[in-house]
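Counted the way my numbering counts, the sequence shown spans residues 94 to 372.
Cβ coordinates follow ideal geometry from the N, Cα and C atoms, glycine included.
The structure under discussion appears below in the form of structure tokens.
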Amino acid sequence: MSTSTSDWGDWLPRAVADATPDTVAVWYLGCNGFFLKGSEGTTLAIDPYVGLGDPPRTVRMVPVPFDPDDVEEMDAILATHEHIDHVHGPSQAPILANTGATLYGPDDAVAVARDDEAWTDEWDVSAEQLSEVAEGDTFEVGEFTISVEPSYDPDSTHPVTYVIEHASGTFFHGGDTKPADEFAEIGDRYDIDLGVLAFGAEGNIPDKETGEPVHTKWYSDENELVRAAKDLRLTRCLPSHWDMWKGMTADPTVLHHHAASFAYPENLEIVEIGDRVDL
Numbered sequence: 094m095s096t097s098t099s100d101w102g103d104w105l106p107r108a109v110a111d112a113t114p115d116t117v118a119v120w121y122l123g124c125n126g127f128f129l130k131g132s133e134g135t136t137l138a139i140d141p142y143v144g145l146g147d148p149p150r151t152v153r154m155v156p157v158p159f160d161p162d163d164v165e166e167m168d169a170i171l172a173t174h175e176h177i178d179h180v181h182g183p184s185q186a187p188i189l190a191n192t193g194a195t196l197y198g199p200d201d202a203v204a205v206a207r208d209d210e211a212w213t214d215e216w217d218v219s220a221e222q223l224s225e226v227a228e229g230d231t232f233e234v235g236e237f238t239i240s241v242e243p244s245y246d247p248d249s250t251h252p253v254t255y256v257i258e259h260a261s262g263t264f265f266h267g268g269d270t271k272p273a274d275e276f277a278e279i280g281d282r283y284d285i286d287l288g289v290l291a292f293g294a295e296g297n298i299p300d301k302e303t304g305e306p307v308h309t310k311w312y313s314d315e316n317e318l319v320r321a322a323k324d325l326r327l328t329r330c331l332p333s334h335w336d337m338w339k340g341m342t343a344d345p346t347v348l349h350h351h352a353a354s355f356a357y358p359e360n361l362e363i364v365e366i367g368d369r370v371d372l
């Protein structure tokens, strides 16, 4: 499906461009998308998606918060895996074309951009702007050090997670991961100040082929999310993705009950699309 015109005009890209954070500012874009901006001005996007889904199977339930053509400053886009709401040409290729940013992602995610959607043919994007990464890689983007770590997302062919280190703190983005065996070790190795984990309900979603409702679970439930946050030793945990798809939406405030008896996460950051939090 094509992207839609922003419901909010250009205020969100302008807010990012105008921001001068003391640490790292983080804006939630709905679904699993985020903008990050560091104190020195480096700007990242993670899984930004402004598409409408594919009704009636996937129906977008939140506003379209920005138009990709309005994004004039971006150093890199990070893709966690190959699904359309994480790698999407109409949402991301114009940002690369406008800014010269690089898309980083695992092989199957980059293959969507390079082969399936032919970004270099359809937009003013060069092959050098599409960069494959894999678990164990570490690279620098401006003031950020980005480490690629494992994920457990059985619905994806090759998902990864990202640990983004900055002088003022460390940010984790889990993509659509559920609890992974590697998370306890990641929690030992990094001091994660703010971590994003996908959260949602189970529902009946129309099958791609038949259109018949099929019992579906795409994201962590309450106990799974808290288990992942506990293993990662998240100081602050921000649940994402709960707002996006009709039939998969959930209430993130219920997580307070599930997290109350655990040492981690120490705090839950419950945000809505368009909200900003800082490290």
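Give a yes or no on whether the C-beta atoms belonging to residue i and residue j are separated by under 8 Å.
| i | j | result |
| --- | --- | --- |
| residue 242 | residue 279 | yes |
| residue 193 | residue 212 | no |
| residue 289 | residue 333 | yes |
| residue 315 | residue 351 | yes |
| residue 202 | residue 175 | yes |
| residue 259 | residue 117 | yes |
| residue 359 | residue 328 | yes |
| residue 307 | residue 331 | no |
| residue 131 | residue 235 | yes |
| residue 322 | residue 270 | no |
| residue 367 | residue 142 | no |
| residue 138 | residue 180 | no |
With 16 as the cutoff for other CB atoms within 10 Å, does residue i come out buried or exposed?
| i | result |
| --- | --- |
| residue 106 | buried |
| residue 286 | buried |
| residue 355 | exposed |
| residue 227 | exposed |
| residue 119 | buried |
Just reading off the alpha helix (DSSP H) that residue i is part of, what are its end residues?
| i | result |
| --- | --- |
| residue 184 | 182 to 192 |
| residue 322 | 315 to 325 |
| residue 104 | 104 to 111 |
| residue 204 | 200 to 204 |
Using a Cβ-Cβ cutoff of less than 7 Å, which residues in the same chain neighbour residue i once the five nearest sequence positions on both sides are dropped?
| i | result |
| --- | --- |
| residue 190 | 216, 217, 218 |
| residue 113 | none |
| residue 95 | Residue placement at residue 95 is poorly supported in this model, since its pLDDT is 46, which falls under 50; the coordinates still yield a value, given next. These residues qualify, in order along the chain: 183. |
| residue 250 | 175, 201 |
Within a Cβ cutoff of 6 Å, which residues of the same chain sit near residue i, ignoring the five residues on either side of it in sequence?
| i | result |
| --- | --- |
| residue 160 | 99 |
| residue 230 | 241 |
| residue 265 | 256, 285, 288 |
Just reading off the beta strand (DSSP E) that residue i is part of, what are its end residues?
| i | result |
| --- | --- |
| residue 371 | 369 to 371 |
| residue 171 | 169 to 171 |
| residue 120 | 117 to 121 |
| residue 256 | 254 to 259 |
| residue 263 | 262 to 266 |
| residue 126 | No beta strand (DSSP E) holds residue 126; DSSP gives it neither H nor E. |
Keeping to the same chain, check which residues put their C-beta closer than 8 Å to that of residue i; ignore five residues upstream and five downstream.
| i | result |
| --- | --- |
| residue 154 | 336, 337, 338, 339, 342 |
Legend entry - Continuous alpha helix (DSSP H) assignments of at least 4 residues falling wholly in the stretch 210 to 246: 212 to 215
Legend entry - beta strand (DSSP E) runs wholly inside the stretch 271 to 355, at least 3 long, in chain order: 287 to 291, 295 to 299, 306 to 310, 329 to 333
Legend entry - 3 or more residues per run - each beta strand (DSSP E) lying fully within the stretch 135 to 160: Runs found: 136 to 139.
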